[in-house]
Every structure is written in structure tokens, then in C-alpha cells.
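Q: Sharing a structure, written as C-alpha cells. Questions coming.
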Amino acid sequence: MPYSADHKQRTRARIVECARALFNRRGYTEVSIDEIMASAGLTRGGFYNHFRTKEELFVEAVAAYRDFDPVERWPDIDFDPQRCGGAFARQMVDIYLSREHLDDIDGQCPIIALPSDVARAGAPVKQAYRDLLERLAGLLAGTGASARTQAARRRGLALAALCVGGMVLARTVEDEAFREEIRAAARATAHALID
8 MPYSADHKQR
18 TRARIVECAR
28 ALFNRRGYTE
38 VSIDEIMASA
48 GLTRGGFYNH
58 FRTKEELFVE
68 AVAAYRDFDP
78 VERWPDIDFD
88 PQRCGGAFAR
98 QMVDIYLSRE
108 HLDDIDGQCP
118 IIALPSDVAR
128 AGAPVKQAYR
138 DLLERLAGLL
148 AGTGASARTQ
158 AARRRGLALA
168 ALCVGGMVLA
178 RTVEDEAFRE
188 EIRAAARATA
198 HALID
């Protein structure tokens, strides 16, 4: 009896999630199709029922993060989607620069986990990454009509750069106090831009 379309969709989602976690942990070039499929509990041959190439999977793994729900991943985090304007942007900065996000290597945003891999990837991966970055900048710009101005877009992009840069740098440092200092500096500067 053949598998249902729903089964194929769930299997594909499992492959994407396993690939995303492995890419975050080790980088795109350091992960093989065999490892991805084994992580998903499948064989290599099944890969080609879902994707033509590893890069196609990479595109989907990056793009999948756009539906990320911080409350689902980190239940103790303070997030209220009903907050407006600057309050919404401040909470987004706090979540992005949170200890939970820093420590959750498998669940980290690919914008901070994979920038070097994306820089060496093809156009489809770069487009998925850009779409995700634009989404982050849009969220950081806040909510409401004022968030749709060119000034708000620039502010959102600056906040995204602060958040991403702060997290990339914090990931590279082993000294715990310095990691916290980097994130705190990025957070304080971001809050000042919002206020």
C-alpha cells in the first residue's frame, strides 16, 4: 500500500528539520546527505523522493525558519504578540539576544548560524536567507502604520544587524562573562535605537 500524501509531507518536514539542526551545528559543507537521512531515521535513497540536490534542501531549511515560534521552542520566554510598536520591537530584540537563543545551537536562527555557508552558496540559498533577514528586520521595525516607512525599514535593518552581529560574536567567544557583555551591549544599543 503506497504512503499517503500527508505521510510524504511529514517525512519531508522531518528531513528539513533534521537538516536545519545539523547545518546549524556543523555547517552546510560538513554535513552529508547520509547523515541528514540517518538523523531523520531514513535511508539515503529516500532523499531523492523529496529533493533533487542538497542545496535544494538547504534552501528549504533556511526558509523553514520563517515560521519559527519562540514560545513553542522556549516556553519560559516572555513573548506577547499583541504588544505594539516599540514594545513589540524591544521584546523581539530581547528574544533574539536571549540566553535561550544563544544556547540552542540546533534551534538557532540560520541568520546567525550559517552566514559563511550562505555567502558561499548559490542564488536560491541567498534569496531564502535574504527573505528571512527581511522578515526579521520587518519584525524589528515594529507594528502599525509607522513601521512601514523608509525610516522604520532602516531602523529594522540596523536592529537586525545589531542582533545578528551580537549573537555571531557571542557564539565565537568561550569566556562566559564576555559573551554576556557582547549580548548586553547589543541589547542596550538596540533598545536605544528603538526608544
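Those letters in the sequence shown? Residues 8 to 202, per the working numbering, in order. Glycine included, C-beta positions come from ideal geometry on N, C-alpha and C. Being a predicted model, the structure only gives us computed values, none of them experimental.
(1) Quick one: residues in its chain with C-beta nearer than 7 Å to the C-beta of residue 135, no 5 flanking neighbours on either side, listed in chain order?
(2) Which value, in whole angstroms, describes the spacing of the CA atoms of residue 142 and residue 103?
(3) Among 170, 187, 184, which residue has its Cα nearest to the Cα of residue 196?
(4) By the three-class DSSP mapping on this structure, what secondary structure does residue 123 have?
(5) At 3 residues or longer, and completely inside the segment 29 to 76: list those beta strand (DSSP E) runs for me, N to C.
(6) Quick one, are the C-beta atoms of residue 118 and residue 147 less than 7 Å apart?
(7) Give the C-beta separation of residue 114 and residue 80 to the nearest angstrom, bearing in mind that I take them to be a contact with Cβ-Cβ under 8 Å.
(8) How is residue 185 classed by DSSP in three states: helix, strand or coil?
(9) Give me, in chain order, the residues of the same chain whose beta-carbon lies closer than 8 Å to that of residue 63; leave out the 5 immediate sequence neighbours on both sides.
(10) So residue 10 is in the alpha helix (DSSP H); what residue range does that whole segment cover?
(11) If you draw a straight line from the C-alpha of residue 27 to the C-alpha of residue 20, how long is it?
(12) State the DSSP-derived secondary structure class of residue 139, mapped to helix, strand or coil.
A: Straight from the coordinates:
(1) Residue 135 sits at position 128 when you count from the first residue of the sequence shown. Excluding positions up to five away in sequence, the list reads 66, 69, 70.
(2) Sequence index remark: in the sequence shown, residue 142 carries index 135 (1-based). Sequence index remark: in the sequence shown, residue 103 carries index 96 (1-based). Approximately 13 Å, taken between the alpha carbons.
(3) Taking the first residue of the sequence shown as position 1, residue 196 is located at position 189. Of 170, 187, 184, the residue nearest in Cα terms is 170.
(4) Your numbering for residue 123 matches position 116 in the sequence shown. Three-state result, residue 123: helix.
(5) Qualifying beta strand (DSSP E) stretches: none in this window.
(6) Here residue 118 corresponds to residue number 111 of the sequence shown, with the count starting at 1. Here residue 147 corresponds to residue number 140 of the sequence shown, with the count starting at 1. Here residue 118 is not near residue 147, since their CB atoms are 7 Å or more apart.
(7) What you label residue 114 is simply residue 107 of the sequence shown in a count that begins at 1. What you label residue 80 is simply residue 73 of the sequence shown in a count that begins at 1. At roughly 5 Å, the Cβ-Cβ gap stays under 8 Å, so residue 114 and residue 80 are in contact.
(8) On the sequence shown, position 178 is the one that residue 185 refers to. Helix, per DSSP.
(9) For this step, residue 63 is matched to residue 56 along the sequence shown. Correct list, in chain order: 131.
(10) As a working mapping, residue 10 is identified with position 3 in the sequence shown. The continuous stretches of alpha helix (DSSP H) do not include residue 10, and DSSP gives it neither H nor E.
(11) Residue mapping note: residue 27 aligns to position 20 of the sequence shown, counting from 1. Residue mapping note: residue 20 aligns to position 13 of the sequence shown, counting from 1. Roughly 10 Å between the two C-alpha positions.
(12) Here residue 139 refers to the residue found at position 132 of the sequence shown. Reduced to three states, the DSSP call for residue 139 is helix.
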